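A short worksheet on the structure shown next.
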Amino acid sequence: MICGLAGLLTTIITIIAVLADDLVVLKQGCLIGHRLTSRKGREIFAFQGVPYAKPPVGELRFKPPQPAEPWTGVLDATKEAPMCVQRGLFPSDIEVRGQEDCLYLNVYTPRISKSGSEAAPLDVMVWVHGGGWFTGSGNTDMYGPQYLLDKDIILVTMNYRLGLIGFLSTEDAECPGNNGMKDQVAALRWVRDNIVEFGGNPNRVTIFGESAGGSSTHLHMLSPASKGLFHRAISQSGIVLSPWALTPPGSPKLVAEQVADVFNCPVQSSSELISCLRKQDAYKLYGAELLIPAKRMSPITFTPVIEEQVGEGDEVFMSDHPMKILLSGDLELVPWMVGFASNEGVFFTTFLLGPDQSKAKLVENSLITILLENPEDKSLVKEIVKKVEEFYSGDKRIIH
């Protein structure tokens, strides 16, 4: 019987699902979804908590994602998966939540592909959530399908590893970094291989995201790992040249050693360091991130990095500085829409002002100065700030 179903109850569920058009058959196995209603009352099909990679736990922690295992029977895809391990967006929200077994995605479609159907396959939009690569998820508490599915498109949202667990790097083959970005690549490959079964067109995929999701989208345009997996892109409030979007070489290794010190892990070799961190509780591990100093303008400690060394057979996500890649022209030249979310920058005034709400403090923490806090030559910062202010305001001091 279909999907190797076993047991009367499972068979009954499958028959009901087939009759109700809520069953999708993939190479991995069968999914049973459920129905939702769009903003304007359109009935849509929802398949939630679909695994696109193996759970990245145990020895797979700090490693690139591995393809999900097939399953027997019918997978219940009527509930969202837990978010990845994370803390809240604001500095005061230090509670750790979520779980490591989190590499799941959600598919929302107005119709299911049926054999013999002459309906044209639908365009696909894949959403990459923001949250500074340390918080957020693709779940409906923030990113539901109700608006977009009023139109004839398919929406895919995903979870990917965050923070220390997703972006730790020892800057060598033991842990090159960017595992959270590689999770996104794995999700895009899943879409390429499976979306036709949901009525989608794998040759008309748009990736889009906001903030860190916007920068992630732009990074995919530059990454050799993502080539051919999408055909249009939209970046909102984030690109690869955003000052918070990349950790410069040299810093990731030092940060990894700071984390190791918290757990009394050896730092003599990356192998020993990573082996020790794999044994730590995920919540305690993520909590240690709060002890690592972040940039003044941002709570983001762990971000994408340049991978100068990777393990044998491992895939590289970003092997050179984004600016060099942009200047070389060696990128995915797809139509790209870029813009920003109104008033999002207000969030960063928290880091500009700190506890002192005075205007004088705000001037001292000039946004221009903070944007330049990681230059190659720090002695030039004051001179650059002075030149910029003189150019735009003459003798007047800029108040940010």
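Here the sequence shown stands for residues 13 to 412, numbered as in the working numbering.
A virtual CB, placed ideally from N, CA and C, is assigned to each residue, including glycine.
Bear in mind the structure is a predicted one, so any value in this text is a computation, not a measurement.
query, result
"Can you name the residues that DSSP bridges to Gly46?", "Note on identity: in this sequence residue 46 is His, with Gly being the wrong assignment. BP columns for His46 point to Ala58."
"Could you name the residues that DSSP lists as bridge partners for Cys114?", "Answer is none; Cys114 lacks a bridge partner."
"What first and last residue would you give for the alpha helix (DSSP H) that runs through Phe179?", "Gly175 to Phe179"
"Should Arg73 and Ile177 be called a contact, given that it needs their Cβ atoms to be closer than 9 Å?", "yes"
"For Asp88, which residues in the same chain have their Cβ closer than 7 Å to its Cβ, ignoring the five residues on either side in sequence?", "Ile44"
"Which of the three DSSP states, helix, strand or coil, is assigned to Ala29?", "Bear in mind that the predicted position of Ala29 carries a pLDDT of just 49, short of 50, making it unreliable; the figure below should be weighed with that in mind. Note: Ala29 maps to helix in three-state DSSP."
"Are the CB atoms of His243 and Asn215 nearer to each other than 9 Å?", "yes"
"Which word fits Glu402, buried or exposed, when buried means at least 16 other C-beta atoms lie within 10 angstroms of its C-beta?", "exposed"
"Do Ser228 and Gly250 have their CB atoms nearer than 9 Å?", "yes"
"Per DSSP, which residues does Ser247 bridge with? Please list them.", "Gly221 and Val350"
"Hey, would you say the C-beta of Thr313 is under 8 Å away from at least one heavy atom of the ligand FAD?", "No copy of the ligand FAD appears in this structure; indeed no ligand is present at all."
"Quick check for students: name the residue ranges of the beta strand (DSSP E) that lie wholly in the segment 128-176, counting only runs of 3 or more.", "134-140 and 165-170"
"Based on Cα-Cα distance, which residue from Glu222, His232 and Pro264 lies nearest to Asp184?", "Pro264"
"Taking one C-beta from the segment 192-206 and one from the segment 291-305 each time, how about it: are there three or more such pairs within less than 8 Å?", "no"
"What residues in its chain sit with their C-beta under 6 Å from that of Pro67, if we drop five residues either side in the sequence?", "Asp113"
"Assess contact between the segment 41-56 and the segment 135-145, defined as three or more Cβ pairs (one per stretch) separated by less than 8 Å. Is contact present?", "no"
"Go ahead and pull the three-state DSSP assignment for Asn215.", "strand"
"Looking at the structure shown, is Thr313 part of a helix, part of a strand, or coil, going by DSSP?", "coil"
"For Pro188, write down the residues that DSSP places opposite it in a beta bridge.", "Pro188 is not bridged to any residue."
"If you pair each beta-carbon of the segment 90-103 with each one of the segment 148-163, do three or more pairs fall below 8 Å?", "yes"
"Whose CA, out of Ser238, Leu285 and Leu234, lies closest to the CA of Ser340?", "Leu234"
"With a threshold of 6 Å on Cβ separation, who are the neighbours of Glu327 within its own chain once the five nearest residues in sequence on each side are excluded?", "Ala237"
"Ends of the beta strand (DSSP E) at Val108?", "Taken as a continuous stretch (DSSP letters only), Val108 belongs to no beta strand (DSSP E), as it is neither H nor E."
"Let me know the secondary structure DSSP gives Cys277 once reduced to three states.", "coil"
"What whole-angstrom Cβ distance do Gly175 and Phe314 have, given they're in contact under 8 Å?", "5 Å"
"How should Arg308 be labelled, buried or exposed, when 16 other C-beta atoms within 10 angstroms of its C-beta is the threshold for buried?", "Below a pLDDT of 50, predicted positions are generally treated as unreliable, and Arg308, at 48, falls in that range; no measurement from the model is reported."
"Taking the beta strand (DSSP E) that Leu72 falls in, what are its first and last residues?", "Leu72 -> no beta strand (DSSP E), and no H or E assigned at all."
"Go ahead and pull the three-state DSSP assignment for Leu253.", "coil"
"Who are the near neighbours of Asp162 in its chain, counting only those whose CB is closer than 7 Å to its CB and skipping five residues on each side?", "Ser50, Arg51, Lys52 and Arg54"
"Please report the straight-line C-alpha distance between Ala268 and Thr182, rounded to a whole angstrom.", "6 Å"
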